[in-house]
Structure formats: structure tokens, C-alpha cells
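Protein chains in written order, with the numbering used here: chain A, 1 to 242; chain B, 1 to 636; chain C, 1 to 300.
Where a beta carbon is used, it is the ideal one built from N, C-alpha and C, also for glycine.
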Amino acid sequence: MLNFFQARIRHGYQAIPDPLTVGIDSAFPGLPELAEDADLTLLNELCPTKAFEDDGLDLGRCIFCGLCSRKYPEMVTFTPNYKMAADSRQKLIMAPGQRTLPRMDFVLPRQFRYSFALRSVSAAGCNACEMELGASNNVNFDISRYGVDIVASPRHADALILTGPISHNMADALSETWHAIPEPKYLILCGTCAISGGLFAGSEAIDRAFLKHWQPCLYIPGCPAHPLSIISAIVSIMRGSK
Amino acid sequence: MSIGILILFIALIPALWKRSDYFVILWILGSSFLAYEYMEVLYSRSVQDFILVMPPPVGSVSIALNKLSAFFGVIFALGLPVGMFYGHFYLKEHPIDALRSHLFWLGVMGLSMHCLLWIRHSLIFLMFWELMSLSSFFCVLFSKRSNREAGLNYLITMQVGAAFLIAGFAMAYNQSGTFDFSGFEKMNTLPMYLILIGFAFKAGIFPFASWLPQAHPVAPAHVSGIMSSMLVKTGFYGILLIISINPFSLLEIGFFCLVFSISAFWAVCHLLSERNLKRVLAYSTVENVGIAGLGVCAGLLGLQANLPNMAMLGFTGAFLHLFFHSIFKAQLFYSSGNILSATGTLDIDEMGALAKRMPYTAVMTLIGIMAISALPLTNGFISEFTIFKAMFEAPAAAHLSQLMPGLMILAVLAFIGALAIIAFIRIYAIVFLGSPRSAAAENACELRRGLRLPIAVLSLAILLPGILPNIALRFVKPLIRWFGLDMKHFAFLQFQALQISYVYLILLVLFAVFYIVRKLLVKEKRGATWACAYPRVTPRMQSSSITYIQPLAYFLKPFMYKKSRRVKEEEVFATKVEYDEQHLDAVWEIIVRPVSKAISRFLLLFSRIHNGKTNSYIAWGLAFLVILLVWVVGFR
Amino acid sequence: MINILSIIFFPLLFMGIIHRVKAIMVGRKGKSLWQNQRDFFKLLQKDEVLSQSATIISRMAPALSLAATITAALFVPFLSTKAVLSFRGDFILVMYLFTLSKGIMALAAMDSGSSFQGMGTSRELSFTAFLEPAFFLIIAALILSVGAGSLSAIFALQNVVSAGIWNVFASLFIAIALYIILLVESCRVPFDDPATHLELTMIHEVMVLDYSGFSLAVIHYTGALKIFIYASLISHLIIPPYSSAVWYLLVLAIVYIFTGVLESLMARFRMNRNLELVLVPLSIAMLTLTILLVLNTGVW
């Protein structure tokens, strides 16, 4: 027991004071910026997930590998801006010259302002997003200070946070979990695989029919989504983005 | 004589003509008259008194009712007609060939139970006692071959008990010179204990209670209900008869405490591991008799330690418990009869989700379960509350040796109460809740009204004294006064009962408020049970009856006598694994069975005498008579 | 009355103390003190999803459980030492009201027919089977030393400080036994981990696995009220009679803080060890009773 207190005193207070405004290392690949004259077809050939197909860089398909920014640094740069969430699929597309994502209109009803329970479903991804989601509840990032909690039973949850591209085997389980959540309920997609299938898009092993029926309210891009992205995204739908 | 008894006697006539409806009507009529007479004896001072003069050696037989008999009489007069009513409809569901004899013996059993209370002469009492055992034996048989072994066990055990009674009565006659019950005052130790043991056989007290879990499950529901709720009470009536006129020393009281505690504890341990619904209820009868006995012990302790409050509370609790037990035990047995009629089985591991299929029975059984677990709002709570209050008066005792038994009973009672709650929640949950475990449970449906009405009446009788305990207390008051216990404290108890009623009012109001708020505010949706989205959930994945008590089995292992059978192939991936567990009655298996086997083997030695020739039997009889003559008369 | 206001406002607030203590012990920012109340109000506005096999028992159980716990709380002294209701021998009713609340929740848990429920219910009921006799023996011991009749009088009059060294020991033991009873009944570490809902620690949490919305809010509040009742009893046991409410609040806060510290330092014990530990209040109660018997009845 004394070891515990020794360690505690030595570690000190490790929580980040304000995760919503803290700065991040400049090497972090956050929000990408396209130059005005960026050649989208050239970049698209390079991109593993073909994220440049629509008129801009689709954050829902980008896996933040950095191939494009290393080959054509004048066309694409990844800024260390971790606030990348959007409340509709269209808003995730960064047009050339766009410097920020459009404002989120969606805000949760008043009762969720200080208390929001998430149920995490891990639908056959690489587990990096799950680890980051778990990390967002650790001592450093600590999303629980905003009243967000990850619960085990979907009956206790308000939202389902989905990570992973949804394989065949997980499709039924995901649907059952969703139906077990009481109203009002929300769907949050976390990570590129959840939003578009990521690297696995188009594979025969995945079954994304679930997302055709149910409209998500929040998209958090990233591969994996950084805890700070997750926290800022969830808090902005709870309390409204400034 | 008594009109009621006369009508009950006449009721035997339609029984012989297989007219069970007139039989029931006459029973209800007769019981109402009897109830009126008993109440008259209880509340007024008149004691019905006849003296029947019969030739010696019987002498004069006094037929009278004192307050104790009247109290038990009311219990019988209220419970028997309900039982007969239920039996009428039950027999319609499960018809048998020998209806005539079954109804006849049913009538005789009820009649002899009532007559027992009037008789104050030991020989005639014994006669009716034997009549009661015999008639209940025939009722248990129910013309089924499979009931034969249990029925014979029951009959033989009752005869052994009667043997003790005969011995005790004979010694009491030797000592006091009269057959009348007044000769039982201040008996010597040996006859008193013989009589107590004889009555203990009937009342179901460890170690004489092994017949209960064997006879009750095989008997039809109305018979087991009547037996469990009233027949065993006749045994307790006998015990109370002896206790009310004999003093006991502290050592003896401590010994009684021990016996009742062990009896209740033994019963609870078996309760927890049983799969047959009626066996559970039978063991529960033993446990409740133990609890009533502990109440009596508390009363005796109070008298011994000069604590009038404790004495009054102890005896009141015991009487209330006997009265309430007969109500909720009968209700539960009739419910189990309904379950048997609906599903065809008594094995709880084959039931499940009956609440959706038999909603009325489910709700009423819930009330019965709450009563037997002594949860608030039911009458079971009132009687256990009174007994607990008696125990908590113990710290006022002056001497340590008077205090210790009281505290010991307290701990034992609380523990047994907790275990009983676990056991009955287990029963209710596995039978009524969850999903059906077999096709029989799936196809169950609610039964006809005739089978539900007696249970509804009894449920009302559970809730009414539960919420307004003063009703029952007013009923017990004359008996307490007759026992010579403290009436000032009784008035205080009645006042506290009123306070409890107010508390219940608050509880019910709060409950209604919360429930109505929920009903108004909340929109419900139905979904599948959350099982972590496992796709192939089957009903067999629910808890079974054994898994439910597994944590408790950790403590109770030394008290449970278990035989298990395990079959497992020795392969790495075994395809055949079987495990079977049987919890057996230690007293029966270790003591009674070997003894009876030894007796049979000993008697087989005489098999050469059974040669079928009448002449040799007469010769043997003659030889025995000659030897007897020589022994008695002596060589002169 | 003050006690009724305490029943309404304090339980969830004091549960917040446990969260804060755990957060401080680990060095994180943690949930705020008001988090439980915020969760409660959010849950009140959610709908419910009920299992196919659920009967009316699932619907009425949280309401009955809460009604029983609040009725029991009316007998307990909180901020003011006079409880709302009291009569001689009311502790029996209190204990049985707790049992009613636990029993009906156990039945409701078995209602949904999943395999988790039976496991959790059986464990929870087995643990608490031994607490009833322990509680009654504790009350008997206190009656022996104080001589009063009703729950509030016993605890309000109990004096630790004066009346001899053995009485101090006895009161200390009783406080420890009551604290263990608190831990078991409110399902905290080391008997059950309220934070996880995994199979390893599924005892109380599994009984509420199938509840949502209003019922869940009610269940959380009932749990908080139960721990508040036991903590109040311990607090009144320790502080001298007729002292001011400030001392009561202080000791109450210390009890909660201690629970939080215990939860941060320990993990849940192995199930068999838990079963052994549950006997501890009973043995402490018997020990204390013996001490007080020897002292008061003057045999030796």
C-alpha cells in the first residue's frame, strides 16, 4: 500500500488541464489542408483509399498515412489540428483551400449536457480506435470529467460508438446492441473504418447494411482517432461547439 | 352434542355416493357451525362440557373444549372447508377410480381432527389419533401404486409415534390413576418425554420428520395441503397441551431450543437443494414448525427468567405463526397442485415462464412466497416480528444462563429466515420467471376458476392480517389471557401493530406514487433479453435449480448429505459427460434405512414359521399363550 | 422535516464524494461531485426497453424497492437525531424492509431469463444471508449497553467516549462490523466492483443489467440511499450523543472518503474468500455481544 502512495506522489497530477484547448505536437497528422491548385487526380492515384475522388479530401476515407503529403508537400499538408469531427458525411470533405471544417449544427438535447453514456461496439477493426477510445478515459485525457461514461450494458447507454468496418459476423450483434439501447439514442462513428470502411472498403467480408438504416449523428475521423479528437467531438455535441 | 360435528358426520353419506359437491357443501356448513362454537368458547367464558360415562376400564370420558382446543379448532374449521373445496375441483382434474373411498377417508380425517380437540380422555384420544393417521394414510394413497411406498412409510412412522404415545399415556395413568388429561399435570420426566416424542412424530420435528418430505409430495394437492397445514398442527397441539400444564427447568428449555433450532436448520438445508416443488414445501413445514417451537421456547424462557413481556411475545408469536402457517402453506400447496395440473410435472427444472401463461396463479403464489419468507405486508412477517421482539427482550434478563438461549435463538432464527428467503426466491424465479425450460412449461395454461378461488381466498387471508395485524391479535387475545400471560404488554403489542399498519400505509402510498409516475412518464419498448448479443441463446442457458445455490453450498456442504454420480470419458475432447447430484435425507439414509433393513433381515430368520398352514400358526399362538401364562402367574 | 430533506438530497451527493476521492487517489480530474445527480436527471428522461420475457414484476420492482428503502430510512436518524418514525422494536421492520427490497429486486433480476442474472442474484443473496443475523446481534449488543428500544434511540444514545475502555472497544468493533455490512449491502470493493460489469465482478451490477431509464435512475438512488443509511448509523454510533450536526456530517464524509480510498487501493477478492469474509460481521457481533454480556450481567 505504501508503494501506491509513493508512486502517486512521484507521478503527481497527470491530467491535462483542458483537453479542449491544449496544443499538440506539430508532427501529429491532424486536419489536412489542400492547396488551391492541388491536382486531385494525381493525389487520388497515390491514395490507398482513394480519398480524393469527390472534390476534395474526404476525411471519412483518409487513413492519415501521409503518402500524399510526403510526395507532394506543396499540395497537401497535415496540420496539428485535432478538431476534425462533423455531424454529416458531406461536411467531412475538405475542399482545396478550405482551412477548417464547417461548424457542427447538431447538439444533443439538454439532459445530455453534463451526462452522456456510451456503449462501445468493436466491429472487427484493427483495435487501434478501441485503444484510443479507452485511452480517452485514462488519467491524462479523462473524458469522464465531462460526464461521459462508457457503460457495459446497452440498456444503460445513450449512444452507440462504433469502431471498425463491421464484418459479417458482427453485423447481427451490432444490430442487436443498437436495438437494446433505449430512446433517445444516437449513433457515433469513430475512426475511418467505421465511417467508410477504411482500408477494408469494398471487401466481401464486411456488411455495412446497418448504416443504411440508421443515421449517425457524429463522425470522428482519424486512423486511429486521437483521444483529443474524440473528446472535443463528443463534448461539442453535448454542449454545443463554440 | 355439537351440531357442527353432526353435520360433518352426515357429510360422509354423500361421500359414499361419490357426490363430492354435496360433500363439500355439507363440510362448509358443518365447519361454519363448528367455527361459531369454537369462537364462542374462545370469547365467552362458557366451556362446553359433557361427561360420557363408559364402562371400565375406560371410565368417564370428559368431552370439553378449553381455549387451546378452541384456537386450533378455529384453524381447522377455517382451513378444512377450503381444502375440501379445492379437492372437489382437483378431483375433477385428476379423476380416480376409488373416488368413493377417497372422499370417505377424507371426511373421516377431517372429522377425527375436529373430534381430537374435544376429547380429554387419553384412551379415546388415542383412538381418534389412530383413526386420523389411518384415514390420512388412505388419503395419501390416492389409489396410485406409486404412492404405496411413501404411504406405508408414513403409516409405519405414525404407528411408531403412536407407540411412544401409548407408552407415555400408560405411564401417566400409572402415576396419576386417571385417564383424564388432568392427570398430565406435573408428570414424571419419562412419561412426559415419551408423550412429547410421540407428538413430535406427528408435528414433524427433527429427527422424527423424515416422513413429511416423503408423504407430502406423492399425496394429491388438497390432501398435502390439509396435512401440512393442519394435521401436523394436531401434533403441535399435543405438545402445547403438555407444555401448558407442566413446568420446565432451564436446562430442558435449552434442550428444546436446541432441538427446534436443529430441526429448522436441517429443514432449510434440504429446502435449498430440492427439485420437487412439493418436497420443498414439505421441508418448509418442518422449518416453520421449528420456528413456532422456537417461539414457544422464547415464551418458556420468559416465564423462567421472570420477563413477562418476553413470555407473552414468545407465545403470541408461536400461536400467530401456527395460525398463519396453516394459511400460507395451504395456499402454496394448492398452487403447486395447480402447477401440476397445468404442466404435468413437479420438477422445477422443467418449468419456467409460467407467469406469462398462468398470470393469476403467479400473482397469488407470489403473495404466498412473500408470506413464507416473512416479508413485510404479509402475515408471515407479523408472526416472525413478534418472535423476534420476544428475543430482543432477552437482554433485560438478570442471569447469563437465561440470556444465552435467547440470543442463540435470535441468531439461528435470523439465519434461517435469510436462508428461507433465498430458497423461496429460487423456487419462484425458476418456476414462474425466465423462459420455459420444457415443452410442458410452454404449453401450460391457466386453470378453471374453481381451482383458483380457494387460493385467492387464502391470499386475501394472507394480506389482510399482514396489513392489519390487529385482526389476528384480537383473535389470539383470549388464548393469551387463558395462559396467564401479561395483558398490559399485549395491549402495547396491539398498539405497535397499529403503528406497523400506518407504516405499511406509507409504504403502499410511496409504492403507488412511484409506480403511477413511472406508468405515466415512461414509454416502454420490448426487446430481446440482453445477453451480450449472443446469437444462439437457449432456455437451458438460464440458471437451473442447483446452480442457484452454489455460493451457499460452500457453507452448507458439511450439512448436506449428497450422492453424486459423474460419468466422463477419459478422452481429451470428451463427447459424453454426465453429472447427477442427489441430496438425500441423512436421517433416513443413515439411521432409518439400515435399521429397517436389519429388522427385515432379522425377521427373515423366522421365515420358516410362515409355512401357510393354519394349524401351525394356532400351535405357535398356543405356545406363546402358555409361556405368557407361566410368566405372569408364576410357578406356584 | 430535516430528515426527510436529508433522505431526498444527500444520498446522491455523498456518492459523489466517493468518485472524487477515487479521482484524487489516481491523479485524474474525475467526475464532479454532482455527477450522480446529473446522471439521475438524465435517466429520468429516457425511455425504457424491456425484455420479451419480462413480467409485471420487472416493472414494479424498482418502485417497490425504493418505497421499501425510503420507508426504512424513515426510522433512521440522519441530520437530526430524532428519526421521522420510531417505535420499540422498529429495527426488525427496518431489516425486513431491506430484505423486501433486495428480494423483489432479485426476483425482477431473474425475470429476464438470461444466464447472467441467476449468477448475480444467487451470489448477492448468499452474501447478504449472513448479514441479517449479524445485524440483529449488533442491535442486541447495543440494546444491552444502551437499553433503549428503537433504532434511532439506540444509535443516538450510544456513547463511545465514556463508560470505560471495554465499551470503547466494543463500539469500535461494532463500527467495523457495520462498515463491512455497508460494503456488502451496497456492493462495493472488496465484495463487488461497482465500476465494472464484467462476469468476474457481476454481483449487484448484473441484477440491473436489463434496466434502463426511469427504473435505472430509481435503482441507483435506492443503492445510494442504502449506503447513506448505513453510513449514518456508523456516524451516529461514533459521535457522542446530542452533539451537533456538523460532527455528524464530518464523520459521514470520513466514512465515504474511507470507502473511496479502500476502493482505490484494493481489488475485489476472490469469490470464495468473499464468502468467508461475509461471516466476519457475524463473528464480530458475537464477540462484541460476549464482551458486553460479561461486562453488564456481572457473571464474572
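Looking at chain E, is there any beta carbon in it that lies within less than 8 Å of the beta carbon of residue i?
i	result
Q14 (chain A)	Among the chains of the structure shown, chain E does not appear; the protein chains present are A, B and C.
Using the C-alpha atoms, what's the distance from residue j back to residue i?
i	j	result
P240 (chain C)	S150 (chain C)	18 Å
L451 (chain B)	G4 (chain B)	26 Å
F9 (chain B)	R518 (chain B)	56 Å
F342 (chain C)	L85 (chain C)	In the structure displayed, chain C extends from 1 to 300; residue 342 (chain C) sits before or after that span and is not available.
P184 (chain A)	L101 (chain A)	27 Å
Q35 (chain C)	A152 (chain A)	18 Å
A217 (chain C)	V189 (chain C)	22 Å
A586 (chain B)	S545 (chain B)	21 Å
G56 (chain A)	F200 (chain A)	21 Å
A141 (chain C)	D90 (chain C)	16 Å
K67 (chain B)	L42 (chain B)	5 Å
G302 (chain C)	I188 (chain A)	Since the displayed chain C opens at 1 and closes at 300, residue 302 (chain C) lies outside it and no answer follows.
A150 (chain B)	G612 (chain B)	29 Å
Could you tell me if residue i is buried or exposed, where buried requires 16 or more neighbouring beta carbons within 10 angstroms of its beta carbon?
i	result
I430 (chain B)	buried
M95 (chain C)	buried
G344 (chain B)	exposed
L279 (chain C)	exposed
V76 (chain A)	buried
T99 (chain C)	buried
C445 (chain B)	exposed
F315 (chain B)	buried
F495 (chain B)	exposed
I291 (chain B)	buried
F64 (chain A)	buried
Y211 (chain C)	buried
E176 (chain A)	buried
Q6 (chain A)	exposed
F606 (chain B)	exposed
The alpha helix (DSSP H) with residue i in it runs from where to where?
i	result
D580 (chain B)	Segment V577 to L584 is the beta strand (DSSP E) holding D580 (chain B); no alpha helix (DSSP H) there.
G225 (chain B)	A221 to I226
K92 (chain B)	K67 to E93
R273 (chain C)	M271 to L277
I546 (chain B)	S545 to Y548
V645 (chain B)	Any answer about residue 645 (chain B) is impossible in this case: the structure gives chain B only from 1 up to 636.
K22 (chain C)	I2 to V26
T121 (chain C)	S115 to A129
For the ligand MN, is there any heavy atom lying closer than 7 Å to the beta carbon of residue i?
i	result
N306 (chain B)	This structure lacks the ligand MN; in fact it carries no ligand of any kind.
Quick one: give me the first and last residue of the beta strand (DSSP E) that residue i is part of.
i	result
Y561 (chain B)	Y561 to K568
I658 (chain B)	There is simply no residue 658 (chain B) to check, as chain B begins at 1 and stops at 636 in what is shown.
L160 (chain A)	A159 to T163
Excluding the five sequence neighbours on either side, which residues of its own chain have a C-beta within less than 7 Å of the C-beta of residue i, listed in chain order?
i	result
A225 (chain A)	C129, E132, C190 and G191
W300 (chain C)	Because the pLDDT of W300 (chain C) is 45, which lies under 50, any placement of that residue in the model is unreliable, and the number read from its coordinates should be weighed accordingly. Result list for W300 (chain C): V294, in chain order.
K91 (chain A)	L101 and P102
S438 (chain B)	E350
L320 (chain B)	I382, S383, T386, A472 and V476
D347 (chain B)	R275 and N276
R113 (chain A)	M238 and R239
If residue i sits next to residue j, beta carbons under 8 Å apart, how far is it from one beta carbon to the other, in whole angstroms?
i	j	result
M119 (chain C)	S543 (chain B)	7 Å
W105 (chain B)	S146 (chain B)	Not quite, the Cβ-Cβ distance comes to about 18 Å (not below 8 Å), so this is no contact.
G161 (chain B)	F125 (chain B)	That pair is no contact at about 14 Å.
Once you ignore the five residues that flank residue i on each side, which residues in its own chain have a CB closer than 8 Å to its CB?
i	result
F169 (chain C)	I291
N188 (chain B)	M171 and Q175
T49 (chain A)	R61, C62, I63, T192, S196, G198, L199 and A201
Which same chain residues end up closer than 6 Å to residue i when comparing Cβ atoms and leaving out the 5 residues on each side of it in sequence?
i	result
N288 (chain B)	H325
K46 (chain C)	G213
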